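A.B. asks: Before anything else, here's the structure in question.
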Amino acid sequence: MPKTEITIVSVYEKVAEACYSLRDFCYRNKIEKIACSELELCLTEALNNVIKHAYKENPLCSIHITYAFENGELIIAIEDSGIPRTNLDEPTLTYDPKDINSLPEGGMGLFIIKNLMDSSVYKREGDKNIFTIKKKI
Amino acid sequence: MSENTFNYELKKNGDIVIFKLNERRFDSSIAGFVKGEFTILLHTEDVKKFIIDLSEVDYCDSSGLSAILLAFRILQSNEGKIKLASPTKNVKTLIEISQLDRVLPICNTVVEAVQELQAN
């Protein structure tokens, strides 16, 4: 099973590094460009959430990411030691286009992930958050 | 791109201001700075017609969208108008997934965006 692991520090500038390694992983596993772009976007959104919510933008923390390609699925597991996720509700995005106050300021990340991936699972293991997203290729 | 900054060009065409983001990635690493620039520009220059040229942006995440929404909000509150010009396929897809194509007017080219704003 092809697998790659990378650890980044918890700053937004390092998210691109994780994306480059994902792109390389996709290229080596002959995953088509559209799927790779969708995976990259979801990885970015998930990492942004970890930096912003789990680590509260503390730049001294680390995030461990694993990419695996197994049984026709690309699996990305993101592991951090930050604050546990509290909102486990199904992400939705409802607003009135005529009402600018109802436009989403944030919270679009999980909605985007839900829409582009085949599954996303969050779990807390000990002092770690593990968020796994999967896409059938 | 160096840290804490980003590359862009500003042009004026009559009363229309065109902001071209010269970055491949419009993500969290620059979104805050772009928001700051939009806030200063749109509040201090009394801009009513604003085009964001996204032709150089290969990749945008929700924080990039959030910066665009900020510009949209400021302009709406000043009775101004915004157009997004030349978004690449990835960016267009993100806007559609986020359902923001319902509120953000998209033009295929800057010329088209200018023409539409001039007609209003």
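Protein sequences, first through last, are from chains U and B. Take the first sequence: its position 124, counting from 1, is numbered 128 in my numbering, and each next residue is one higher. Take the second sequence: its position 92, counting from 1, is numbered 133 in my numbering, and each next residue is one higher. The beta-carbon is built from N, C-alpha and C at its ideal position, and this holds for glycine as well. Note that this is a predicted model, so its numbers are computed, not measured.
Please decide whether U/LEU43 counts as near chain B, where near means a Cβ-Cβ distance under 9 Å.
C.D. replies: Not an interface residue.
A.B. asks: Just confirm the distance between the C-beta atoms of U/ILE87 and U/HIS68, as a whole number of angstroms; I'd bet it's less than 8 Å.
C.D. replies: 17 Å between Cβ atoms; not a contact.
A.B. asks: Can you have a look at B/ASP94 and say buried or exposed, based on whether 16 or more other CB atoms are within 10 angstroms of its CB?
C.D. replies: By the 10 Å Cβ count, B/ASP94 comes out buried.
A.B. asks: Check this for me: beta carbons of U/VAL19 and B/ASP68, under 9 Å apart or not?
C.D. replies: Yes, the Cβ-Cβ distance between U/VAL19 and B/ASP68 is below 9 Å.
A.B. asks: Assign U/TYR4 to one of three DSSP states: helix, strand, or coil.
C.D. replies: Because residue 4 of chain U is not part of the residues shown, which for chain U are 5 to 141, the question remains open.
A.B. asks: Does the beta-carbon of B/LYS130 have 16 or more other beta-carbons within 10 angstroms, so that it is buried, or is it exposed?
C.D. replies: B/LYS130 should be labelled exposed.
A.B. asks: Quick check: is the beta carbon of U/LEU26 nearer than 9 Å to any beta carbon in chain B?
C.D. replies: Chain B contact via Cβ: absent.
A.B. asks: Relative to the alpha-carbon of U/VAL54, which residue among U/ILE10, U/ARG89, U/SER124, U/ASP93 has its alpha-carbon at the smallest distance?
C.D. replies: Among U/ILE10, U/ARG89, U/SER124, U/ASP93, the Cα nearest to that of U/VAL54 belongs to U/ARG89.
A.B. asks: Is it the case that the Cβ atoms of U/ILE38 and U/PHE73 are separated by a distance below 9 Å?
C.D. replies: Contact: no.
A.B. asks: Using a cut-off of 8 Å between C-beta atoms, extract the partners of U/ALA20 located in chain D.
C.D. replies: In summary, chain D is missing from the structure at hand, where the protein chains are U and B.
A.B. asks: Could you please tell me which residues of the segment 114-130 of chain U, in chain order, have their CB closer than 9 Å to any CB of chain B?
C.D. replies: Of all residues in the segment 114-130 of chain U, PHE115, ILE116, ASN119, LEU120 have a Cβ within less than 9 Å of some Cβ in chain B.
A.B. asks: Can the beta-carbon of B/ILE92 be found closer than 9 Å to that of B/ILE123?
C.D. replies: In contact: B/ILE92 and B/ILE123 (Cβ atoms closer than 9 Å).
A.B. asks: Of all the CB atoms in chain B, is at least one closer than 9 Å to the CB of U/ASN52?
C.D. replies: Closer than 9 Å to some Cβ of chain B, the Cβ of U/ASN52 qualifies, so yes.
A.B. asks: Note down, in chain order, each residue of its chain lying with its Cβ closer than 8 Å to the Cβ of B/LEU55, except the 5 sequence neighbours on either side.
C.D. replies: Inspection of the sequence shows that residue 55 of chain B is occupied by Gly rather than by Leu. Result list for B/GLY55: GLN159, in chain order.
A.B. asks: At which residue ranges does the segment 84-117 of chain B contain complete alpha helix (DSSP H) runs of 4 or more residues, listed in the order of the chain?
C.D. replies: Whole alpha helix (DSSP H) segments, 4+ residues: zero.
A.B. asks: Does U/GLU49 get closer than 9 Å to chain B when you measure Cβ to Cβ?
C.D. replies: It does: the Cβ of U/GLU49 has a partner Cβ on chain B nearer than 9 Å.
A.B. asks: So, is the C-beta of U/TYR16 closer than 9 Å to a C-beta in chain B?
C.D. replies: Yes, its Cβ sits closer than 9 Å to a Cβ of chain B.
A.B. asks: Name, going along the chain, the residues of the segment 85-107 of chain B whose beta-carbon falls closer than 8 Å to a beta-carbon of chain U.
C.D. replies: Hits within the stretch, in order: TYR100, ASP102, SER103, SER104, LEU106, SER107.
A.B. asks: Run down chain U in chain order and give the residues with a C-beta less than 8 Å from the C-beta of B/ILE123.
C.D. replies: What B/ILE123 touches in chain U: nothing, since even the nearest Cβ is about 12 Å away.
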